[in-house]
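Step one of this worksheet: look at the structure below.
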């Protein structure tokens with residue numbers, strides 16, 4: 019990653035909509051190798067990150083590539099790497115970009131992501147619009163679970 023991107027946050031566990039919605043990065047740099055790691059749905063049950071996390075990444079990458087994630091658009095595809103740019107305003111601004119960014123990363127790592135229920139319901143709507151009813155139902159169940167979590171209630 020070029021040093022100009024000093025606030026870049028690499029992830030070895032795969033991108034997903036909850037993570038991206040929480041962090042609200044300006045750019046997503048997606049490595050094809052990561053997409054391949056989450057490409058085969060038959061691997062979901064045995065995944066090192068767990069079935070739900072695997073499915074979250076699988077569908078996020080698939081929908082990002084097909085243009086169904088409404089907050090990002092493909093800027094450049096370099097075959098092994100694709101760059102997507104945020105095309106909607108951020109919901110939460112930073113008073114101090116660097117400190118705010120690091121705080122968001124820590125919050126996500128601690129399981130305190132913003133708008134989890136809302137984000138999951140958005141993915142449920144995307145799934146449903148594409149005929150993926152089972153995935154829409156899964157997202158709605160996870161959204162309901164997030165609404166009832168202590169982090170959601172007292173955050």
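In the working numbering, the protein residues as written are 19 to 173.
We put the beta carbon where it would ideally sit given N, CA and C, even for glycine.
Keep in mind that this is a model prediction, so the values were computed, not measured.
Is the Cβ-Cβ distance between residue i and residue j less than 8 Å?
i: residue 86; j: residue 56; result: no
i: residue 73; j: residue 91; result: no
i: residue 106; j: residue 79; result: no
i: residue 52; j: residue 32; result: yes
i: residue 150; j: residue 138; result: no
i: residue 104; j: residue 89; result: yes
i: residue 146; j: residue 154; result: yes
Closest to residue i by CA distance: which of the options is it?
i: residue 59; options: 48, 71, 49; result: 71
i: residue 35; options: 129, 96, 146, 82; result: 82
i: residue 133; options: 63, 93, 42, 79; result: 42
i: residue 108; options: 148, 63, 38, 142; result: 38
i: residue 163; options: 135, 128, 141, 152; result: 135
i: residue 96; options: 54, 50, 165, 65; result: 50
i: residue 143; options: 161, 110, 40; result: 161
i: residue 130; options: 145, 155, 165; result: 165
i: residue 44; options: 64, 84, 54, 93; result: 93
i: residue 40; options: 128, 54, 66, 153; result: 128
i: residue 140; options: 126, 125, 66, 159; result: 159
What are the residues that DSSP puts in a beta bridge with residue i?
i: residue 103; result: 45, 91
Inspect the CB distances between the segment 95-103 and the segment 118-125 and report whether three or more fall short of 8 Å.
-> Counting Cβ pairs under 8 Å, fewer than three are found: no touch.
Please specify which runs of the alpha helix (DSSP H), each continuous and at least 4 residues long, are wholly inside the segment 54-91, giving them in chain order.
-> Segments of the alpha helix (DSSP H) lying fully in the segment 54-91: 69-83.
Alpha helix (DSSP H) runs contained entirely in the segment 116-169, provided each spans 4 or more residues | The qualifying runs are 134-147, 151-165.
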